[in-house]
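Under full-length UniProt numbering, the first residue of the sequence shown is numbered 1, with each subsequent residue one higher. As structure tokens, the structure follows; a few thoughts come after it.
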Amino acid sequence: RMSAASRRPATVGFGPSGQAAGPSTVSQGTAPPLQQHPLPWPSTPSSQQSFSTVAEECADHFHCLVCGLVAVVQCALLNYYLVTGLSVAWLWFLVADIVVIGALVYGFVNTYLYRRGQYTRFLEAKQPGEIPFAWALWLLNQACVVARLIVIYYSFGTTVGAWGNVGSNLLRTTGALSCVTGFLLMKSLLLGPPFILKNHLFIFRIGAETAIDVLDAVDFLDVLLVNNSRQRLPAGLTECILTFAAATLLAPACLMSVYSFSRFGYLTTAKSRLVRSLHLLFSVLLCNLPLFIIRLYLWYSLSLTLVSAFVVKNILFIYLNFTDLMRQILPEMAGQSALPGTAAAAAASVGASRSQQQADVGSLEQPLESLSGSRAGLITSP
């Protein structure tokens, strides 16, 4: 008489290539094993992997290493300014630095697992490619950086210029390191194969916008480093400058969430379009427009010479973001207010596009269904 354990069919493990790896058993109480995750792009067989694919993986690992090193250097320099300008008690920010570095390592490791099509039950994504590591890591890192920059510029920013080689120039460079961290963070969290050009163009676009916004915010804070200029500022303007500069430094989190919700630039979803529209509105109303108005006020009313050429960047980004926002909003408004026949035609076109997307996703899932069928044939006992 067969026992219950002997009647239970043996499970067969499958590696990343989809081949059977032999029987395997999982005892109770142990962590769930890594499982295959359906990626939103067609996988490349191991026999077709070229030297460029291996080089791309090595480059991704190098991006992770450099991104972590740049984050460590930036945190160390900001802690130096706090300790030198205030007191040793500000070294408690080291706890936040440890949390940030640990989160970066955690994100890099799990991105590597997702890139190989593996996940754990705790890290299972609702849709393939939706990992919030990009914008969550940026928001966590920049929150710690922005908090220290606000303390430095508000408390003793006018005295940093007398520190010699570690003065205002190094402080500007330290703040500008955030653009390097953001760009390398996007490159290191790439979950698409190297032969998909759309992913790389999407990453370079987001990385370029992030870098320009960071440099604009750091340049905007220069007026708080000169004592003569700061004394001429009216009451409340210093707080406004710090607030809008902090908003500009944190704004790329919305942009990076678009990178995650769009399955890393591979597909366009309703959630990614909504977040992109919110980011465009946020960029116009809270970033570029306030910075442009304050720069004009410093230029014409106070006649300060610290107004930089980034005022042209503000004008350009206001125009581009506003036109992109109208391009996304106006078709939806026109579809709602159109005639019944036009609305029906628009709905039919939307339904056709959705069915086409479902067909594309179904074509990507066909190899997985055939794989599950072969798995069922292997584990069925006679």
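Built from N, CA and C at the ideal position, the CB exists for glycine as well.
- Under the three-state reduction of DSSP output, LEU320 falls in the helix class.
- Exposed is the label assigned to THR243, since fewer than 16 other Cβ atoms lie within 10 Å of its Cβ.
- Distance from CYS179 to LEU215 at the Cβ level is roughly 6 Å; contact confirmed, criterion being Cβ atoms closer than 8 Å.
- VAL223 and GLY164 have their C-alpha atoms roughly 19 Å apart.
- For ALA162, the three-state secondary structure derived from DSSP is helix.
- Annotation for GLY167: no alpha helix (DSSP H) segment contains it, and DSSP assigns it neither H nor E.
- With a beta-carbon spacing of about 4 Å, LEU325 and LEU280 fall inside the 8 Å limit used to define contacts.
- Distance from the CA of THR84 to the CA of GLU239, rounded to the nearest whole angstrom, comes to 23 Å.
- Its Cα nearest to that of PHE322, the residue VAL284 stands out among VAL284, ALA76, ARG230.
- A check of alpha carbon separations from LEU316 across ILE212, ASP219, LEU221, SER229 identifies ILE212 as the nearest.
- Between the stretch 94-114 and the stretch 165-178 there are fewer than three C-beta pairs closer than 8 Å, too few to call the two in contact.
- Judged by DSSP in its simplified three-state form, THR305 adopts coil rather than helix or strand.
- In this structure, VAL258 lies near ARG276, with their beta-carbon atoms less than 7 Å apart.
- Per the C-alpha coordinates, the member of VAL88, VAL160, LYS271, LEU291 positioned closest to ILE318 is LEU291.
- Boundaries of the alpha helix (DSSP H) harbouring ALA270: 270-282, taken from the DSSP string.
- In the three-state reduction of the DSSP assignment, SER188 falls in the helix class.
- Per DSSP, ASN288 is not a residue of any alpha helix (DSSP H), being assigned neither H nor E.
- The three-state reading of DSSP puts PRO234 in coil, since its state is none of H, G, I, E or B.
- The alpha-carbon of LEU77 is positioned some 14 Å away from that of TRP92.
- The Cβ-Cβ distance between ALA247 and LEU286 falls below 7 Å.
- Leaving aside the five residues that flank LEU289 on each side, the residues in its chain whose CB is nearer than 8 Å to its CB run, in chain order, ASN314, ILE318.
- A straight-line Cα-Cα distance of about 24 Å links MET186 and ARG148.
- Between GLY207 and GLY182 the beta-carbon gap is near 7 Å, inside 8 Å, which marks them as a contact.
- With contacts defined by Cβ atoms closer than 7 Å, SER229 and LEU304 form a contacting pair.
- Residue environment: ARG327 is assigned as exposed (fewer than 16 neighbouring CB atoms within 10 Å of its CB, all protein chains considered).
- The beta carbon of CYS75 lies closer than 6 Å to those of ASP97 in the same chain, with the five residues before and after it left out.
- For the set SER188, TYR153, LEU184, the Cα lying nearest the Cα of ARG172 is the one of TYR153.
- With fewer than 16 other Cβ atoms from the protein chains shown falling within 10 Å of its own Cβ, PRO234 counts as exposed.
- In this structure, VAL66 lies away from LEU201, with their beta-carbon atoms at least 7 Å apart.
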